[in-house]
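Right, one structure below, let's go through it.
2 protein chains.
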Amino acid sequence: MNEMMKVAIKEAKEGIQKDDGGPFGAVIVKDGKIISSAHNEVLKSSDPTAHAEILAIQKASRVLKRFDLSDCELYTTSKPCPMCLGAIFWARIKKVYYGTSEDEVASIGFDDKRFYEIIRGEKEGLELIQIEHEESLRLLHAWQKKEDKRVY
Amino acid sequence: MNEMMKVAIKEAKEGIQKDDGGPFGAVIVKDGKIISSAHNEVLKSSDPTAHAEILAIQKASRVLKRFDLSDCELYTTSKPCPMCLGAIFWARIKKVYYGTSEDEVASIGFDDKRFYEIIRGEKEGLELIQIEHEESLRLLHAWQKKEDKRVY
């Protein structure tokens, strides 16, 4: 069995056993070495964002002291949900290894698949209302004019 | 000007001034009262997940001591990126007020729009490789069989 996935699965098992959250684990690897590992802690921390991938990315960023993880790969026991996929994009991770599919995760009652369908415009699910456009746009211009800005 | 958006914009301005991150602020509201507010801190914390909406959701969950924020609304100075939208879904927030569009955020150099295009399958951007399917699937079954499981 893949050594990295073994650790991700071990994390997930620990999470189930401790009742920390859903059955999901993730590992971040750089140059063949594990930088961080985590499991879902939504129930433990009452934090809807505490998915395994998010926590693993946050830990890896703390270890490497940078938000750019483009030299890392991620191993996760299930295909990332839209939130985690977004985090992977922002972390500039280019390669993700995963175990189970969206459909399989949906079959045990999680909403990842439905959220993807909402994002693709196939289902409704959120009211998005634009307000205060002009004042908000000024913020973007203020950033654009900032000479010492760092891009991420 | 909308009072909630005023606070979100003030947060964003503070973030620009302090060089904490991008020009984005967010506020979470319940029963007409502000529960939490935050601005982007990606640069300050070297954490790629430290977007205003994510931080505001995390703070609100700490305040209310629950992951379900379905009785809350979110105000954000720019349309949420896929990561933040995913977090909004998981938090069960039903209504989001936003200031600027994906195109406007893209025009000052941020990748939100491109990430949406990758998710919709319109662009390439990530290698997703399935491995260790069987062992990973066992985790989902273990969860399914767990009698005292809490669903989120």
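Line by line, the protein sequences give chains E and U.
So in my numbering the end of the first sequence lands on 525, straight run, no missing numbers.
So in my numbering the end of the second sequence lands on 525, straight run, no missing numbers.
Every residue gets a Cβ at the ideal spot worked out from N, C-alpha and C, and that includes glycine.
| Check | Outcome |
| --- | --- |
| Output, in chain order, the set of chain E residues within a Cβ distance shorter than 8 Å of residue 436 of chain U. | Chain E residues near residue 436 of chain U: none, gap ~10 Å exceeds 8 Å. |
| Which residues in the same chain have their Cβ closer than 8 Å to the Cβ of residue 441 of chain U, if we skip the five residues on either side of it in sequence? | 464, 465, 525 |
| Specify the secondary structure class of residue 398 of chain U as computed by DSSP and reduced to three states. | strand |
| To the nearest whole angstrom, what separates the beta carbons of residue 492 of chain U and residue 513 of chain E, a pair I think is in contact under 8 Å? | Rounded, the Cβ-Cβ distance is 23 Å, inconsistent with contact. |
| Determine whether the Cβ of residue 524 of chain E lies closer than 8 Å to any Cβ atom of chain U. | yes |
| Hey, would you say residue 456 of chain E sits closer than 8 Å to residue 427 of chain E, going by beta carbons? | yes |
| Measure the Cβ-Cβ separation of residue 315 of chain E and residue 450 of chain E and say whether it is below 8 Å. | Examination of residue 315 of chain E is not possible in this model, given that chain E is present from 374 through 525 alone. |
| Residues of chain E with CB under 7 Å from residue 476 of chain U, in chain order? | Neighbours of residue 476 of chain U on chain E: none; closest Cβ ~11 Å, over 7 Å. |
| Please work out which residues of its chain come closer than 7 Å, Cβ to Cβ, to residue 393 of chain E, disregarding the five sequence neighbours upstream and downstream, and give them in chain order. | 412, 413, 414, 416, 417 |
| Against chain U, which members of the segment 500–524 of chain E pass a CB distance test of less than 7 Å? | 500, 501, 502, 503, 504, 505, 506, 508, 509, 510, 512, 513, 515, 516, 517, 519, 523, 524 |
| Decide if residue 447 of chain U is buried, meaning its Cβ has at least 16 other Cβ atoms within 10 Å, or exposed. | buried |
| Of all the residues that make up the segment 457–471 of chain U, which are near chain E by a beta-carbon distance shorter than 9 Å? | 457, 458, 459, 460, 461, 462, 463, 464, 465, 466, 467, 468, 469, 470, 471 |
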